[in-house]
Amino acid sequence: MRIENDPKLDFKDVLIRPKRSTLASRSNVMIERAIPFRHARRTWTGFPLIAANMDVTGTIPMARALRKHGAMVALHKHYPTEVLVDFFRTAESANTFYTIGTNEADQEKFKAVKAEVTIPMICLDVANGYTESFVDMVKRVRDENPDAIIMAGNVVTGDMTEALVLGGADIVKVGIGPGSVCTTRKMTGVGYPQLSAIIECADAAHGLKGQVCGDGGLTVPGDVAKAYGAGADFVMMGGMLSGHDECEGEIIYEERNGKSVPVQMVFYGMSSDTAMKKYAGGVAKYRASEGKTVEVPYRGPVEGTMLEIMGGVRSMMTYIGAVSLKEVPKRTTFIMVGAQLNTVFGQS
Ligand code: 5GP
6 MRIENDPKLD FKDVLIRPKR STLASRSNVM IERAIPFRHA RRTWTGFPLI
56 AANMDVTGTI PMARALRKHG AMVALHKHYP TEVLVDFFRT AESANTFYTI
106 GTNEADQEKF KAVKAEVTIP MICLDVANGY TESFVDMVKR VRDENPDAII
156 MAGNVVTGDM TEALVLGGAD IVKVGIGPGS VCTTRKMTGV GYPQLSAIIE
206 CADAAHGLKG QVCGDGGLTV PGDVAKAYGA GADFVMMGGM LSGHDECEGE
256 IIYEERNGKS VPVQMVFYGM SSDTAMKKYA GGVAKYRASE GKTVEVPYRG
306 PVEGTMLEIM GGVRSMMTYI GAVSLKEVPK RTTFIMVGAQ LNTVFGQS
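Everything in the sequence shown is counted per our numbering, starting at 6 for the first residue and increasing by one.
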């Protein structure tokens, strides 16, 4: 057994220090990035935010809505083949990842879709990206799809980030346990504070011309700003995009003044009882559920939330004097606050 003593940080443990700058207005900053990929050998341009491949948020309506802002969606893997083929035939799919899990049925469906349409962006998603079989899968998918942008994860340490980049991933997805409806930390004791995970994995990936996507744990636009400051090239979110019209979740209505109005929406983790009952007929005996089901406020179209997030990021950039999103990590100084400060300096 070993204990690592370095403090590890979460979003709530830091703030970004303002810096003097010549920037006069938030309209002078650029939140689009042009990101070149190591393996796919092409450059993607847009606002680097991805809706999570959860069946409530990784939807086709979400892809259409986010594309207007240059953002992306990782589609959930439960759409039928015909729906996927039809969607990937349209220009609206330009910013959409096709998600493949590890099971045989996922692989077969991918083959069937690929026989009909080109899939330019692939998300290889497993809860635990630390297995040799996952690295082998990344290598195989890279060999079979040399031109695709491949995002793979999840991991939280530099060593495994390097293994995935060298194996063929353009983007490594970072995050074990931070998700809003994830119970992995409670159920298994495994995890890593998300800000430190992003800092360490970004450092490892960038050394190899790879990119990272900070996945999970973002609760407010300020967390998105901190993730970019920590070196995340992309961010992925579920909870922040839940509760909107573009989500394909159950809506809970309430009677108000004789009218039925939407008030809440159901949102759940992809390894919750709810998801496993829906797609796998229940939780297999050898495993426990590592996700929960919650009701979130109904918030109408996702447009308002996207404008808030983008507004928060622009404003952070003016506070630190970063003209482009790429400059943000260089201009970011985090200051530790609250619990972490007490841990480091031994205050009570
Ligand atoms: P959020 O933005 O809601 O904080 O986090 C979204 C991320 O949580 C997803 O992209 C995915 O990585 C993770 N996630 C989704 N469902 C589950 C689940 O049931 N269990 C665990 N451990 N993680 C989940």
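Note that the Cβ used here is the ideal one computed from N, Cα and C, for glycine as well.
Identity of the residue in the options nearest residue i by Cα
i           : options               : result
residue 270 : 210, 206 and 249      : 249
residue 214 : 169, 181 and 230      : 169
residue 320 : 262, 176, 129 and 226 : 226
residue 210 : 253, 97, 256 and 162  : 162
residue 197 : 133, 149 and 254      : 133
residue 335 : 258, 237, 292 and 262 : 237
residue 80  : 17, 35, 66 and 184    : 66
residue 304 : 108, 97 and 254       : 254
residue 224 : 200, 173 and 242      : 242
residue 266 : 281, 287 and 302      : 302
residue 73  : 252, 90, 88 and 99    : 99
residue 120 : 139, 86, 127 and 153  : 86
residue 144 : 61, 306, 44 and 104   : 44
residue 24  : 122, 252, 324 and 341 : 324
residue 124 : 252, 37 and 104       : 104
residue 185 : 193, 171 and 221      : 221
residue 354 : 42, 41 and 70         : Absent from the model: residue 354. The displayed extent of the chain is 6 to 353, so no value can be given.
residue 299 : 331, 188 and 343      : 188
residue 12  : 199, 118, 165 and 283 : 199
residue 31  : 343, 327 and 292      : 327
residue 367 : 106, 314 and 307      : This structure leaves residue 367 out entirely; the chain is present only between 6 and 353.
residue 155 : 165, 130 and 164      : 130
residue 160 : 217, 35 and 117       : 217
residue 27  : 178, 340, 330 and 322 : 322
residue 40  : 329, 310 and 343      : 329
residue 158 : 152, 228 and 166      : 166
residue 232 : 6, 10 and 16          : 16
residue 82  : 118, 53 and 96        : 118
residue 135 : 172, 207 and 101      : 172
Proximity test, residue i beta-carbon vs the ligand 5GP heavy atom, cut-off 7 Å
i           : result
residue 159 : yes
residue 136 : no
residue 332 : no
residue 237 : no
residue 301 : no
residue 253 : no
residue 186 : yes
residue 174 : no
residue 57  : yes
residue 220 : yes
residue 285 : no
residue 142 : no
residue 132 : yes
residue 183 : yes
residue 276 : yes
residue 295 : yes
residue 169 : no
residue 165 : no
residue 80  : no
residue 180 : yes
residue 242 : yes
residue 223 : yes
residue 189 : yes
Residue environment, residue i, which counts as buried when at least 16 other CB atoms sit within 10 Å
i           : result
residue 33  : exposed
residue 8   : exposed
residue 109 : exposed
residue 353 : Any reading at residue 353 is ruled out, since the residue's pLDDT is 43, under 50, leaving its predicted position unreliable.
residue 181 : buried
residue 148 : exposed
residue 142 : buried
residue 194 : exposed
residue 340 : exposed
residue 18  : buried
residue 14  : buried
residue 151 : exposed
residue 84  : buried
Check: residue i C-beta below 7 Å from any heavy atom of the ligand ADP
i           : result
residue 245 : Of the ligands one can find in the structure shown, namely the ligand 5GP, none is the ligand ADP.
Review point. Would the segment 241–259 and the segment 38–49 be scored as touching if the rule is three or more Cβ pairs under 8 Å?
Key: no
Review point. What are the complete beta strand (DSSP E) segments, minimum 3 residues, inside the segment 145–222?
Key: 154–160, 176–179 and 216–220
Check your understanding: Three or more C-beta pairs closer than 8 Å, one from the segment 250–262 and one from the segment 275–287: is that the case here?
Key -> no
Check your understanding: Quick one: complete beta strand (DSSP E) runs, 3+ long, within the segment 49–125?
Key -> 54–56, 77–79 and 101–105
**Study point:** Within the segment 261–306, ranges of the beta strand (DSSP E) (whole runs, at least 3 residues)
**Key:** Fully enclosed beta strand (DSSP E) runs of 3 or longer: 264–273 and 298–302.
Check your understanding: Which runs of the beta strand (DSSP E) fall wholly inside the segment 7–33 and span at least 3 residues, in chain order?
Key -> 19–21
Check your understanding: In chain order, which continuous runs of the beta strand (DSSP E) of length 3 or greater are located wholly inside the segment 306–350?
Key -> 339–341
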